[in-house]
Amino acid sequence: MTADASDLSLVQRVQRGDKGAFDVLVLKYQHKVVKLVMRYVRNPAEAEDIAQDAFIKAYRALPQFRGDSAFYTWLYRIAINTAKNAVVARDRNPVDFDLDMTNNDESYEMQGRLKDSETPEALVLTDEIRTTVNAAIANLPDDLRTAIVLRELEGLSYEEIAATMDCPVGTVRSRIFRAREAIDSRLREVFEGGLGRAEEIG
Amino acid sequence: MSKEELESQLSAMFDDELPGEECELLARRLARDEQLRERWGRYAAIGACIRGEPGVRLQTTLAGKVSAALKQESAQNGVPATDRHRHGWVRPWVTSLAGLASAAAVAAVAILWMRSEAPALVAHNAPVQNPPAPSLQSLPATAPQLAAVSPAVRVHQSHEPDSYVTPAAVAQAPSLVPPTELANYIVAHSAYSGPLMRRNALSALVAGDSAAPQVNAQPIPAVVTGK
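So the protein sequences, as listed, match chains A and Z. In terms of my numbering, the first sequence is residues -11 to 190. In terms of my numbering, the second sequence is residues 43 to 269.
Right under this line is the structure:
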């Protein structure tokens, strides 16, 4: 059974009324959908709202999903349409600015920057996470670092990585897992007690 | 299964590299294991950092928000969205059948009404027998009186037909449903009835209305006096 087939299995469980199965699908694809939506909107919070709408639309439309295409292809189409509609709606109803404020270039520029990124606290936290992850990757053994970078940056499959690194697929799987565990362990050390803060800001 | 093996499976599932059967089992576990879900979120953050994506977060609340929104929606509507849509194909058929049933019921009422009215209408259109004209013998044979004899009597005398009769203003028998209300009912349900049936029923009602008595109308004389 492939990943598509396992998705189909989850979809069929949702169609039978198992909401937990849909939670798993959301969990599995939320980051990919948010990333996809970020091509249309630059604000991560807005992207997350749009992704949420897309998942809700997908849930409503799931009874009509017959598995003719892969679930993620179908979900991505919904997400793209939702993002396009959101952009059109936003352009139709632009945010009104106070006339006095539009004369103040500095205030206007600050509003634009806040709209494009996030709150200052969130920006700092993102930098902290990035620094921690990069440092952890730098400390990884070469074989683990190569495996995780080929997977995450180049998007290669385990089989392709195995061919590149001249090792069995099982070894690739193990290396990627150990690389993730090492980075995750470092993240938990740095942000121990701070993960709740990350959630609040996020 | 050891914790490490479970986390190894999670990592493979994250990369869509876990065999389907294992994926299914892990998905069930994931649905109820908060720590596994948090780990999944951190794996996503690690990938985003490596790719240099903006807005990296260790934990996202999206799954929780979606779940909460769906729960709220189903609580408001009483029926889960998937259940509504699963049975959504039934609704048009039920609506159509209900519409057809309504149209058939209207048609049946209209036909029964027309049938029940038919004898009354026949009787209503039948010639009204005028009271017999007094015989000449019983009348005083005075000239003024003869001059005052009604034209009907003169007709009788000339061996012409007794009378040209027009329908008398006989009160119509009350129907079960007033025609106006029945017409409104047919129009209101016209979306579900065939045009021909609707037209026939309305024609019948119009005919019924035209035959119906005017409440304040003067009674029509039973006998045509002109000749």
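In this text, a Cβ means the ideal position worked out from N, Cα and C, and glycines have one as well.
Straight-line gap, residue i to residue j (C-alpha atoms, nearest Å)
| i | j | result |
| --- | --- | --- |
| A/Ser(-6) | Z/Val98 | 28 Å |
| Z/Trp82 | Z/Ala105 | 12 Å |
| Z/Pro134 | A/Arg27 | Only weak support is given to the placement of Z/Pro134: the predicted model assigns it a pLDDT of 48, under 50, and the value that follows is read from those uncertain coordinates. In a straight line, the C-alpha of Z/Pro134 is about 39 Å away from that of A/Arg27. |
| A/Pro192 | A/Pro129 | Chain A is shown only over -11 to 190; residue 192 of chain A falls outside these bounds and no answer can be derived. |
| A/Ala167 | A/Ala77 | 43 Å |
| A/Ala123 | Z/Gln118 | 49 Å |
| A/Glu97 | A/Lys16 | Residue placement at A/Glu97 is poorly supported in this model, since its pLDDT is 43, which falls under 50; the coordinates are not used for a value here. |
| A/Pro51 | A/Glu177 | 44 Å |
| A/Glu148 | A/Asp79 | 43 Å |
| Z/Cys65 | Z/Ala146 | 55 Å |
| A/Asp104 | A/Arg65 | Its pLDDT being 48, under 50, A/Asp104 is placed unreliably in this model, and the coordinates cannot settle the point. |
| A/Thr61 | Z/Gln77 | 28 Å |
| A/Val21 | Z/Val148 | 54 Å |
| A/Ala9 | Z/Ala54 | 19 Å |
| A/Leu111 | A/Ala39 | 21 Å |
| Z/Lys113 | Z/Cys91 | 33 Å |
| A/Gln3 | Z/Pro61 | 22 Å |
| Z/Leu67 | Z/Glu80 | 18 Å |
| A/Asn31 | A/Val75 | 12 Å |
| A/Ala33 | A/Asp6 | 29 Å |
Whole-Å CB distance - residue i paired with residue j, under 8 Å assumed
| i | j | result |
| --- | --- | --- |
| A/Val160 | A/Tyr146 | 5 Å |
| A/Ala67 | A/Ala42 | 4 Å |
| A/Ala135 | A/Ile117 | That belief does not hold up - the Cβ atoms of A/Ala135 and A/Ile117 are roughly 21 Å apart, past 8 Å. |
| A/Leu141 | Z/Arg93 | 6 Å |
| A/Leu63 | A/Thr120 | Not really, about 31 Å apart at Cβ, beyond 8 Å. |
| Z/Ser109 | A/Asp11 | 6 Å |
| Z/Arg70 | A/Asp172 | So it is not a contact: roughly 23 Å between Cβ atoms. |
| Z/Ala86 | A/His19 | 4 Å |
| Z/Glu49 | A/Glu169 | 7 Å |
Residue-level contact to chain Z via CB, residue i, 8 Å cutoff
| i | result |
| --- | --- |
| A/Ser(-3) | yes |
| A/Leu262 | Look at the range of chain A in this structure, -11 to 190, and you will see that residue 262 of chain A is not part of it. |
| A/Arg101 | Note that A/Arg101 scores a pLDDT of 44, beneath 50, so its modelled location is shaky; the value from the coordinates is reported in the next line. It does not: the Cβ of A/Arg101 has no partner Cβ on chain Z nearer than 8 Å. |
| A/Val14 | yes |
| A/Gly8 | yes |
| A/Ser95 | Residue placement at A/Ser95 is flagged as unreliable, the pLDDT there being 46, under the threshold of 50; a coordinate-derived value is accordingly withheld. |
| A/Tyr47 | yes |
| A/Thr114 | yes |
| A/Arg161 | yes |
| A/Asn122 | yes |
| A/Leu(-6) | Sequence check: residue -6 of chain A is Ser here, not Leu. Yes, because at least one Cβ of chain Z sits closer than 8 Å to the Cβ of A/Ser(-6). |
| A/Ile133 | Sequence check: residue 133 of chain A is Arg here, not Ile. No, A/Arg133 lies away from the interface with chain Z (no Cβ there is under 8 Å from its Cβ). |
| A/Asp56 | no |
| A/Phe179 | yes |
| A/Arg65 | no |
| A/Ile68 | no |
| A/Phe59 | no |
| A/Phe165 | yes |
CB contact below 8 Å: residue i versus chain A
| i | result |
| --- | --- |
| Z/Glu76 | no |
| Z/Glu49 | yes |
| Z/Ile88 | yes |
| Z/Arg128 | Note that Z/Arg128 scores 49 on pLDDT, short of 50, meaning its location in the model is unreliable; the coordinates nonetheless yield the value given after this. Z/Arg128 counts as touching chain A. |
| Z/Ala69 | yes |
| Z/Glu144 | Residue identity differs from the one stated: residue 144 of chain Z is Ser in this sequence, not Glu. Chain A, which has no Cβ nearer than 8 Å to the Cβ of Z/Ser144, makes this no. |
| Z/Ala117 | no |
| Z/Ser44 | no |
| Z/Leu72 | yes |
| Z/Ala105 | yes |
| Z/Ala111 | yes |
| Z/Pro134 | Interpretation of Z/Pro134 is limited by its pLDDT of 48, a score under 50 that renders its predicted location unreliable; no figure is taken from the coordinates. |
| Z/Ala54 | yes |
| Z/Leu154 | no |
| Z/Val108 | yes |
| Z/Val148 | no |
| Z/Val98 | yes |
Start-to-end residues for the alpha helix (DSSP H) that takes in residue i
| i | result |
| --- | --- |
| A/Met153 | Tyr146 to Met153 |
| A/Arg176 | Val157 to Val178 |
| A/Arg59 | Looking at the sequence shown, residue 59 of chain A is not Arg but Phe. It spans Phe59 to Arg80 - the alpha helix (DSSP H) in which A/Phe59 sits, taken as one unbroken run. |
| Z/Leu100 | Neither: Z/Leu100 is in no alpha helix (DSSP H) and is coded neither H nor E. |
| A/Thr114 | Pro108 to Ala126 |
| Z/Ser53 | Lys45 to Phe56 |
| A/Tyr47 | Pro32 to Ala49 |
| A/Gly143 | Segment: none, A/Gly143 is in no alpha helix (DSSP H) and carries neither H nor E. |
| A/Val29 | Segment: none, A/Val29 is in no alpha helix (DSSP H) and carries neither H nor E. |
| Z/Gln77 | Glu76 to Arg93 |
Proximity test, Cβ basis, 8 Å: residue i and chain C
| i | result |
| --- | --- |
| Z/Ser158 | The structure shown contains no chain C; its protein chains are A and Z. |
### Residues of the stretch 136 to 155 of chain A whose Cβ lies closer than 8 Å to any Cβ of chain Z, in chain order
Ile136, Val137, Arg139, Glu140, Leu141, Ser145 and Tyr146
### Message
Can you pull out the residues from the stretch 16 to 32 of chain A whose beta carbon lies closer than 9 Å to at least one beta carbon of chain Z?
### Response
Lys16, Gln18, His19, Lys20, Val21, Val22, Lys23, Met26, Arg30, Asn31 and Pro32
### Message
Taking beta-carbon pairs under 7 Å, can you tell me which members of the stretch 34 to 45 of chain A lie near chain Z?
### Response
Glu36, Ala39, Gln40, Phe43 and Ile44
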